[in-house]
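Chemist:
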Amino acid sequence: MKQILVTGAVGQIGSELVSALRKRYGKDKVIATDIRMPTDIELRDSGPFEFLDVLDPHHITRVMQIYDIGTVYHLAAVLSAIGESRPNVAWQINVNGLYNILEAARQYHCALFFPSSIGAFGESTPKDNTPQDTIQRPSTIYGVTKLTGELICDYYCKRFGLDSRGLRFPGLISYETEPGGGTTDYAVSIFYEAIKHNKYTCYLQPETRLDMMYMPDAIRAMIELMEADADQLVHRNAFNVTGMNFTPEELAAAIRTHQPEFEIGYDVDPVRQAIADSWPNSMDDSAARTEWGWKPQYDLAAMTADMLDKLAKKPTLDGQANVARGR
Ligand code: SER
256 MKQILVTGAV GQIGSELVSA LRKRYGKDKV IATDIRMPTD IELRDSGPFE FLDVLDPHHI
316 TRVMQIYDIG TVYHLAAVLS AIGESRPNVA WQINVNGLYN ILEAARQYHC ALFFPSSIGA
376 FGESTPKDNT PQDTIQRPST IYGVTKLTGE LICDYYCKRF GLDSRGLRFP GLISYETEPG
436 GGTTDYAVSI FYEAIKHNKY TCYLQPETRL DMMYMPDAIR AMIELMEADA DQLVHRNAFN
496 VTGMNFTPEE LAAAIRTHQP EFEIGYDVDP VRQAIADSWP NSMDDSAART EWGWKPQYDL
556 AAMTADMLDK LAKKPTLDGQ ANVARGR
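My numbering puts the last residue of the sequence shown at 582; the count rises by one with no breaks.
Below you can see the structure in the form of structure tokens.
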């Protein structure tokens, strides 16, 4: 088996994906790369790590020459809220970085995974049960770059026969690595604050409904899609996938079933609220279910129970956890 390259390996998805891929295919088969050095000991010591800037095509080629790469999971990207504050950087990394990776993947005959997002939809997209194939006129630079990514990945598939595949992720929730600069980050921060202080101030309005997914489902979705029989795939870039959808009020209520005293307040950030309002309330992921058998395992209740349990056991949060949970 050829080796697997992961870009953005230190990021929110990357650190958990690398660990899952190493468990599945062997530690030396997975080359983790990032422009940041990993602080996580497991990521650092469990297999090869290379410094890699996706904006430097020669750098990518050099890594391709050192290793025998057959598949690339290209996760290096800027999220939606940071993108709005630095549109130029979002375009550079999300589009030019992807282009450099696509060119390297074409030259070295690699399969490519590309993560798109609910952000690739916009105000004119049907909001409820958003279809797989529908209107896509995103109003954020993040959405523009993700939609560009979907299209260019499909183009490389059709034009050059590159085996590109992708998912439109909703907000991702994890107890391992915190996101940074996203609009859906509240759904992670709320758990940290619940454990530490038993209260949380949310930057989105109480009724803002968005799709979400627990990280173990997201990792499984990526690997299952990349392992799927190509003949079964009608779509390529990118499949709608979702695990659950909820509002901040509903998430707070789910946390209250474990911590009855938990309180939520609101201090709305107009920038992130506008971004969230332009995204779907819920996506239809039936194409993923039909074409490669997608099925989420975690709903709101199961995710909430697991997040609180795992965060309470995190060494850095331990003492505070016991205070907030009355133990
Ligand atoms: N979680 C992402 C964000 O909020 C959406 O894909 O930017």
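Glycine included, C-beta positions come from ideal geometry on N, C-alpha and C.
It should be emphasised that the depicted structure is a prediction, and the values quoted were computed from it without experimental measurement.
#1: Could you check where the beta strand (DSSP E) with D289 kicks off and where it finishes?
#2: With a threshold of 7 Å (Cβ to nearest heavy atom), would I478 be considered close to the ligand SER?
#3: Between M467, Y363 and A485, which lies nearest to G374 when the distance is taken from Cα to Cα?
#4: Determine the direct distance from the alpha carbon of V523 to that of K278, and round the result to whole angstroms.
#5: For P551 and L353, what's the separation of their Cα atoms in angstroms?
#6: Is I428 a contact residue of the ligand SER, with contact defined as CB to any heavy atom under 7 Å?
#7: Pick helix, strand or coil for G548, following the three-state DSSP scheme.
#8: Any heavy atom of the ligand SER closer than 7 Å to the beta-carbon of T385?
#9: By the three-class DSSP mapping on this structure, what secondary structure does H329 have?
#10: Return the CA-CA distance between C415 and D383, expressed in angstroms with no decimal places.
#11: Can you give, in chain order, each stretch of the beta strand (DSSP E) that sits fully within the stretch 480-541 and has at least 3 residues?
#12: For chain C, is any of its Cβ atoms less than 8 Å away from the one on R464?
#13: Run the proximity test for S372: is its beta-carbon closer than 7 Å to any non-hydrogen atom belonging to the ligand SER?
#14: Within 10 Å of its beta-carbon, does R582 have 16 or more other beta-carbons around it, so buried, or fewer, so exposed?
#15: Sorted by chain position, which residues of the same chain lie with C-beta nearer than 7 Å to D539's C-beta, five sequence neighbours on each side aside?
#16: Using a Cβ-based criterion (distance less than 7 Å to any ligand heavy atom), does Y410 qualify as near the ligand SER?
#17: Work out the CA separation of T380 and T571 for me, nearest whole Å.
#18: In angstroms with no decimal places, state the Cα-to-Cα distance between T400 and R420.
#19: For S372, which residues does DSSP report across the bridge?
#20: In its own chain, which residues sit with a C-beta less than 8 Å from the C-beta of P434, not counting the 5 before and 5 after it?
#21: Give me the DSSP bridge partner(s) of V261.
#22: Ends of the alpha helix (DSSP H) at K382?
#23: Which residues bound the beta strand (DSSP E) around T432?
#24: Could you tell me whether the Cβ atoms of M558 and E271 are closer together than 8 Å?
#25: Since I believe A287 is in contact with F306 (beta carbons under 8 Å), could you give me their beta-carbon distance rounded to a whole number of angstroms?
#26: Does the Cβ-Cβ distance between D409 and N349 come in under 8 Å?
#27: Helix, strand or coil for L465? Go by DSSP, reduced to three states.
#28: If I'm right that P461 touches Y521 with Cβ under 8 Å, what's the distance once you round it to whole angstroms?
#29: Assuming T262 and A336 form a contact by the criterion Cβ under 8 Å, report the distance between their Cβ atoms to the nearest whole angstrom.
Modeler: Put simply:
#1: By one-based count along the sequence shown, residue 289 stands at place 34. Run containing D289: V285 to D289, per the beta strand (DSSP E) assignment.
#2: Taking the sequence shown and counting its residues from 1, one reaches residue 478 at position 223. Using a cutoff of 7 Å, the CB of I478 does not count as near the ligand SER, since none of the ligand's heavy atoms is closer than that.
#3: As a position in the sequence shown, residue 374 is number 119, starting the count at 1. Of the listed residues, the one whose Cα sits closest to G374 is M467.
#4: Working through the sequence shown from its first residue, we reach residue 278 at position 23. Working through the sequence shown from its first residue, we reach residue 523 at position 268. Approximately 41 Å, taken between the alpha carbons.
#5: As a first step, residue 551 is located in the sequence shown; it is residue number 296 there, counting from the start. As a first step, residue 353 is located in the sequence shown; it is residue number 98 there, counting from the start. Distance between the alpha carbons of P551 and L353: 28 Å.
#6: In the sequence shown, the residue the question calls residue 428 occupies position 173. If you check the C-beta of I428 against the ligand SER, you find no heavy atom less than 7 Å away.
#7: Mapped onto the sequence shown, residue 548 falls at position 293. When secondary structure is reduced to three states using DSSP, G548 falls in the coil class, being assigned neither helix nor strand.
#8: One-based indexing of the sequence shown puts residue 385 at position 130. Because no heavy atom of the ligand SER lies under 7 Å away, the Cβ of T385 does not count as near it: no.
#9: Sequence index remark: in the sequence shown, residue 329 carries index 74 (1-based). Here H329 sits in strand by DSSP.
#10: Counted from its first residue, the sequence shown places residue 415 at position 160. Counted from its first residue, the sequence shown places residue 383 at position 128. Position check: residue 415 holds Phe in this sequence, whereas Cys was assumed. Their backbone Cα atoms lie some 35 Å apart in a straight line.
#11: If we require 3 residues or more, the beta strand (DSSP E) runs fully inside the stretch 480-541 come out as 499-501 and 518-521.
#12: The displayed structure is made up of one protein chain only, and chain C is not part of it.
#13: As a first step, residue 372 must be located in the sequence shown, where it is residue number 117. Relative to the ligand SER, S372 has its C-beta within less than 7 Å of a heavy atom.
#14: Residue numbering aside, residue 582 sits at position 327 when the sequence shown is read from its first letter. Residue placement at R582 is flagged as unreliable, the pLDDT there being 36, under the threshold of 50; the coordinate-derived value follows with that caveat. Under a 10 Å Cβ-count criterion, R582 is classified as exposed, with fewer than 16 other Cβ atoms of the shown protein chains found around its own Cβ.
#15: The residue given as residue 539 occupies position 284 in the sequence shown. Result list for D539: N384, T385, P386, Q387 and N495, in chain order.
#16: Position 155 of the sequence shown, counting from 1, holds the residue named residue 410. No, the ligand SER has no heavy atom inside 7 Å of this Cβ.
#17: For this step, residue 571 is matched to residue 316 along the sequence shown. For this step, residue 380 is matched to residue 125 along the sequence shown. For T571 and T380, the distance between alpha carbons rounds to 42 Å.
#18: On the sequence shown, position 145 is the one that residue 400 refers to. On the sequence shown, position 165 is the one that residue 420 refers to. Straight-line Cα distance between these residues: approximately 16 Å.
#19: Start at 1 with the first residue of the sequence shown, and residue 372 comes out as number 117. According to DSSP, S372 bridges with F424.
#20: For the purposes of this step, residue 434 is taken as residue 179 along the sequence shown, with counting starting at 1. In the same chain as P434, and ignoring 5 residues on each side of it, the C-beta atoms closer than 8 Å to its own belong to Q267, L334, L427, D440 and V443, in chain order.
#21: The count along the sequence shown starts at 1 and reaches residue 261 at position 6. The partner list for V261 (beta bridge, DSSP) reads A287 and Y328.
#22: Position 127 of the sequence shown, counting from 1, holds the residue named residue 382. Careful: K382 lies outside any alpha helix (DSSP H) and carries neither H nor E.
#23: Stepping through the sequence shown from its first residue, residue 432 is reached at position 177. Counting along the chain, no beta strand (DSSP E) covers T432, and no H or E run does either.
#24: Looking up residue 558 in the sequence shown gives position 303. Looking up residue 271 in the sequence shown gives position 16. Against a cut-off of 8 Å, the Cβ pair of E271 and M558 comes out as no contact.
#25: Looking up residue 306 in the sequence shown gives position 51. Looking up residue 287 in the sequence shown gives position 32. Not a contact, Cβ separation roughly 10 Å.
#26: As a working mapping, residue 409 is identified with position 154 in the sequence shown. As a working mapping, residue 349 is identified with position 94 in the sequence shown. In this structure, N349 does not lie closer than 8 Å to D409 by Cβ.
#27: Within the sequence shown, residue 465 is the residue found at index 210, counting from 1. Correct three-state label for L465: strand.
#28: Taking the first residue of the sequence shown as 1, we reach residue 461 at position 206. Taking the first residue of the sequence shown as 1, we reach residue 521 at position 266. Approximately 6 Å separates the beta-carbon atoms of P461 and Y521; this is inside 8 Å, confirming the contact.
#29: If you number the sequence shown from 1, residue 262 lands on position 7. If you number the sequence shown from 1, residue 336 lands on position 81. The Cβ separation is near 21 Å, so there is no contact.
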